[in-house]
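What the sequence shown shows, in our numbering, is residues 2 to 257, in sequence order. Don't be surprised by glycine CBs; every beta carbon is placed ideally from N, CA and C. Quick notes on the structure that follows.
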Amino acid sequence: MALAKRIIPCLDVKDGKVVKGVNFVGLKDAGDPVELAKIYRDQGADELLFLDISASIESRKTRVDLARNVAKVLDIPFTIGGGISSVEDARMVLSNGADKVSVNTSAVENPSLVSELADVFGQQCVVVAIDAKRSKEAPCGFTVCTFGGSHDSLVDAISWAKEVEKRGAGEILLTSIDRDGTKKGYDVELTSLLGSKVSLPVIASGGCGKIEHFLEILSGPHAADAALAASVFHYGTLTVMQVKEYLSENKINVRI
Numbered sequence: 002m003a004l005a006k007r008i009i010p011c012l013d014v015k016d017g018k019v020v021k022g023v024n025f026v027g028l029k030d031a032g033d034p035v036e037l038a039k040i041y042r043d044q045g046a047d048e049l050l051f052l053d054i055s056a057s058i059e060s061r062k063t064r065v066d067l068a069r070n071v072a073k074v075l076d077i078p079f080t081i082g083g084g085i086s087s088v089e090d091a092r093m094v095l096s097n098g099a100d101k102v103s104v105n106t107s108a109v110e111n112p113s114l115v116s117e118l119a120d121v122f123g124q125q126c127v128v129v130a131i132d133a134k135r136s137k138e139a140p141c142g143f144t145v146c147t148f149g150g151s152h153d154s155l156v157d158a159i160s161w162a163k164e165v166e167k168r169g170a171g172e173i174l175l176t177s178i179d180r181d182g183t184k185k186g187y188d189v190e191l192t193s194l195l196g197s198k199v200s201l202p203v204i205a206s207g208g209c210g211k212i213e214h215f216l217e218i219l220s221g222p223h224a225a226d227a228a229l230a231a232s233v234f235h236y237g238t239l240t241v242m243q244v245k246e247y248l249s250e251n252k253i254n255v256r257i
């Protein structure tokens, strides 16, 4: 039987608060990360993802405190990303309770970091976040953006996904910058394309606005292995369990 599809609420953290914007800008306060973590745990989330998105890199202590405080209330896996640029950064977060680390900009700038993290902590701990947007400059039609989506690295998204797979990444968090916060639905074209080129689990992110979007991205050829969402959960449009029950009714294998 195929592995169960995962539903993962995403908590973008800035200055200690959860925020949400559109296309990575126009941020609004959405609550306390620890309180939201407890709510999503109780709703049946499979995992949680915390991303430190502060424009100016916060001190390492902030991420360590976040990991420690969240670990106290969670019994489900959680990932922390944002500003992790070394094995030591990752060690601090993982040793304080996080199950995985997510790297993006630091990996694009120093691809060997992916290999180093996998060698030290194991493949299962390493999530490579790929923020992709449509571009006529890239052979595959999508380039990788860094620095919170503000900088186009001009790196081809598919080539980069293949490279991080070879370097030992455990999974890919694929965010469509074009769809982020728009509530128009996940970028199925992008997700299917990348999913067809790598064997790693792919977490789809960016654009979820209604319950049907989860079914759309988690079914069909080269479907995502997990769906990540923020706004629909933070503002009470949907609960995690509502999504899971809907998916189960539509023959998608989920943990309930």
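Asked                                                                                                   : Found
Minimum C-alpha distance to L175 - residue among E213, A227 and Q125                                    : A227
Unbroken beta strand (DSSP E) run spanning A205, endpoints                                              : V203 to S206
Same chain, Cβ closer than 7 Å to H152, neighbours up to 5 away in sequence not counted                 : C146
For R180, the first and last residue of its enclosing beta strand (DSSP E)                              : Careful: R180 lies outside any beta strand (DSSP E) and carries neither H nor E.
From D66, N105, S87 and A46, residue whose alpha carbon lies closest to that of D76                     : A46
Burial state of R256 (16 or more Cβ within 10 Å)                                                        : exposed
Nearest-angstrom Cα separation, counted from I178 out to L191                                           : 11 Å
Nearest neighbour of G169, chosen from N105, V156, L201 and A158 [CA to CA]                             : L201
Short Cβ contact (7 Å threshold) for A72 with G98                                                       : yes
C-alpha distance - S206 paired with V65, whole-angstrom precision                                       : 25 Å
Terminal residues of the alpha helix (DSSP H) in which L12 lies                                         : Here L12 belongs to no alpha helix (DSSP H); instead the beta strand (DSSP E) covers R7 to K15.
T238, DSSP secondary structure in three states                                                          : coil
G82 - DSSP class collapsed to helix/strand/coil                                                         : strand
Run of the alpha helix (DSSP H) containing D90, from where it starts to where it stops                  : V88 to S96
Top-ranked residue by Cα proximity to V127, from T240, P34, V35 and E166                                : E166
Endpoints, alpha helix (DSSP H) assigned at I212                                                        : I212 to L219
Proximity of I8 and V203 at Cβ, strictly below 7 Å                                                      : no
Buried versus exposed call for V121 [16 or more other C-beta atoms within 10 Å across all chains shown] : exposed
Inter-residue spacing [alpha-carbon to alpha-carbon] between S193 and G182                              : 20 Å
Proximity of I81 and G149 at Cβ, strictly below 7 Å                                                     : no
Where V104 sits in the DSSP three-state scheme                                                          : strand
R42, enclosing alpha helix (DSSP H) - first and last residue                                            : P34 to Q44
Endpoints, beta strand (DSSP E) assigned at G51                                                         : This sequence places Phe at residue 51; Gly is not what is there. Element bounds for F51: L49 to D53.
Host alpha helix (DSSP H) of S113 (start-end)                                                           : S113 to F122
C-beta atoms of Y187 and H223 nearer than 7 Å                                                           : no
Option nearest E110 by Cα separation, candidates G123, G17 and S87                                      : S87
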